[in-house]
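Residue numbers for the sequence shown follow the UniProt record's numbering, so the first one is 1 and each next one is one higher. One structure is given below, encoded as structure tokens.
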Amino acid sequence: MKRGATKSAEYSGRSIAVDFVTLIVTIISKLDTAHRLTIHDAQMNYYGTRLATCSSDNLIKIFELKPSGQTYPSAELNGHTGPVWQVSWAHPKFDNVLASCSYDRRVIIWKEISGKWQKIYEWNHHDASVNSISWAPYQFGLTLACASTDTSISILSFSKAKIWTHQLIIQAHEQGCNAVSWAPPVYSTSLVHSDGHVIRKRMASGGNDNFVKIWREKNDELWELEIALEGHIDWVRDVAWAPVAAHNVNTIASCGQDRKAIIWRCSNVDQRQWSAQELAVFDDILWHVSWSLCATVLAVSGSDNERMCGKFDEEDIIGTQQLKSSTQKSIRSKILEQLPLLDDCINDILPKKDSFKLIKCKEHVELIADCDGNVLFIKPRDVPYFPTLRLLHQYPFILPHEKVDRGAIKFVLNGSQIMCRGLTSPGATLNVDVPENSIVALMAEGKKHALAIGLTKMSAEEILTVNKGIGIENLHHLNDGLWKVQTVL
């Protein structure tokens with residue numbers, strides 16, 4: 001699906017009519033967040049008067065939004081030591097409460113008290129990145145679900161005793177849990193059924209086992225798996241339970257690595273009979289699904305935070321230049337100087353007798369292609385030459401290897417920076433001989449081929465010593481824009 005288009009699903013009785021809608025967007029105002037790195041999430045509060053953003057710079061920022069379109073920063077929350085993936089506002093019934101989750105394995109709950117934001121609770125008992133958080137409907141109290149790469153889901157609740165308690169679903173998803181979303185309460189004004197029994201909480205989750213799973217609270221301590229829904233053939237990236245059960249039909253949307261968006265429906269959740277409707281197979285990996293408040297419109301979105309290579313397409317090409325032999329020799333020597341492991345195969349890749357092309361692109365990017373137009377090397381401004389992933393897959397040892405842990409895979413494929421902890425945790429392997437500002441192949445635990453190519457921001461010794469912050473800049477990854485451009489004629 002082209003950028004600028006979105007998918008909508010609208011209810012008509014009990015059926016769902018699905019249409020492609022091209023959005024014509026009017027920009028009311030622009031906001032410079034001053035985040036130093038990639039922004040991963042931005043959420044308005046219930047009334048649309050505040051915006052919270054979070055980023056790979058470890059910060060959360062809060063902005064005031066005025067009806068006139070004016071915005072101004074009101075707070076900067078500094079408590080995480082890794083990229084902050086998501087923020088979530090609690091219902092205004094609980095005043096100004098915000099939750100955040102991070103690669104640093106922590107969930108922090110913040111509250112504005114007397115005009116100042118304070119950390120009121122920190123949950124630090126996950127063993128890997130916390131990828132998603134979701135507040136339960138306010139009828140269930142101040143309750144937050146947290147999904148983690150360590151395969152578990154934790155449920156945090158502020159009890160009547162004014163203390164935070166927790167429940168844990170262990171092994172919720174093999175290889176990691178990516179998303180969680182609450183079911184709406186069956187009755188919006190009461191948590192007691194007409195026959196007298198207590199209405200228990202339900203939620204949906206999605207993970208790296210390719211399942212969408214429905215969970216039900218069995219009692220105040222235990223959760224049980226009601227059903228695992230099969231439909232995706234790759235990682236489930238996001239799930240969203242519609243906030244309203246239209247005509248008593250519960251509806252869940254899911255999307256994933258397989259580029260599918262699926263609608264799941266059930267008229268009686270106790271009977272556990274869910275039907276699946278596949279909306280479409282999109283052109284790109286899908287990352288998020290979100291319902292409107294009335295559950296009449298579903299938005300499905302793909303990745304939008306790619307860097308130069310991620311955004312690259314043939315329209316960025318300015319011109320192609322056939323080089324003189326002396327210029328070719330100079331470029332060839334520079335590539336060898338910057339990538340010395342190419343020495344044994346450079347004659348196969350760029351034979352001396354063959355001419356090659358210099359392709360100039362926007363944003364001061366240059367591509368080197370062989371005589372047939374096959375793109376081989378990239379040279380952004382202020383970055384050394386590096387090979388394309390396709391060339392690296394053909395010659396896997398032309399770059400030093402760095403291996404990230406399994407939990408970092410989805411973030412590498414999203415174009416995110418590689419944090420030091422992803423290189424030093426169990427399952428990762430750090431090449432101790434690699435200095436700062438080196439081009440490296442990014443491998444992953446359990447994967448045969450490189451996922452990405454990066455530039456080290458610290459030496460291996462510094463990464464081990466500091467063990468926080470960005471260790472490797474992600475330059476070019478699988479399925480980004482450059483991956484899709486194979487030849488330039």
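The beta carbon of each residue, even a glycine, is placed where N, CA and C say it ideally should be.
As DSSP reads the structure, N78 sits in a beta bridge with L59. For K260, the enclosing beta strand (DSSP E) stretches over residues K260 to C266. Here V289 is buried. Its C-beta has 16 or more other C-beta atoms within 10 Å.
Of the residues M44, V239, H393 and H91, the one whose Cα lies closest to the Cα of K66 is M44.
At a Cβ-Cβ threshold of 8 angstroms, V432 and P400 do not count as neighbours.
Apart from sequence neighbours up to five positions away, the residues of its chain that approach P243 with a beta-carbon distance below 7 angstroms are P184, W291, L293 and A295, ordered along the chain. In the DSSP annotation of this structure, the continuous segment of the alpha helix (DSSP H) that includes V466 starts and ends at A460 to V466. If the five residues before and after F158 are omitted, its C-beta is found closer than 7 angstroms to the C-beta atoms of G141, L142 and W164, all from its own chain and listed in chain order. By the Cβ-count criterion, I470 is buried, with 16 or more other Cβ atoms from all chains shown falling within 10 Å of its own Cβ. V466 sits exposed, since fewer than 16 C-beta atoms from the chains shown fall within 10 Å of its C-beta. In the structure shown, Q139 adopts helical secondary structure according to DSSP, grouped into three states.
If you compare the alpha carbons of W85, L358 and M203 with that of K218, the shortest gap goes to M203.
Assignment of T38 by DSSP, reduced to helix, strand and coil, places it in the coil class. Under the 10 Å beta carbon count, H449 is surrounded by fewer than 16 other beta carbons and is classified as exposed. Boundaries of the alpha helix (DSSP H) around R390: L389 to Q394. Counting the other CB atoms within 10 Å of its CB gives Y385 a total of 16 or more, which places it among the buried residues.
According to DSSP, G454 shares a beta bridge with V440 and N474.
When secondary structure is reduced to three states using DSSP, G207 falls in the strand class. Using a Cβ distance threshold of 8 angstroms, V375 and Q271 do not count as a contacting pair.
Between G302 and I262, the gap from beta carbon to beta carbon reaches 8 angstroms or more. Classified as exposed, G48 has fewer than 16 neighbouring CB atoms from the shown chains inside 10 Å of its CB.
Nearest Cα to E221 within the set I170, D209 and K260: I170. The distance from the Cβ of I453 to that of L389 is about 6 angstroms, consistent with a contact at the 8 angstroms cut-off. When DSSP reads this structure, F158 sits in a beta bridge with W164.
Across the set D150, N347 and V107, the C-alpha of D150 shows the shortest separation from the C-alpha of G427. Per DSSP, reduced to three states, the secondary structure at N248 is helical.
Residues of the same chain with a CB within less than 6 angstroms of the CB of S56, apart from the 5 flanking positions on each side, are L37, T38, P83 and Q417 in chain order.
For E315, DSSP assigns no beta-bridge partner whatsoever. L489: not part of any beta strand (DSSP E); DSSP gives it neither H nor E. Per DSSP, the unbroken alpha helix (DSSP H) holding Q328 starts and ends at S325 to Q338. Only residues of its own chain outside the window of five on either side were considered, and among them L389 have a CB closer than 7 angstroms to the CB of W483, listed in chain order.
Per DSSP, the unbroken beta strand (DSSP E) holding R237 starts and ends at V236 to W241. One thing to note: D234 has its Cβ no nearer than 8 angstroms to the Cβ of D209.
DSSP places G422 in the uninterrupted alpha helix (DSSP H) bounded by R421 to T424.
For the pair V440 and P380, the Cα-to-Cα distance works out to about 15 angstroms.
As a beta-bridge residue in DSSP terms, R202 pairs with R216.
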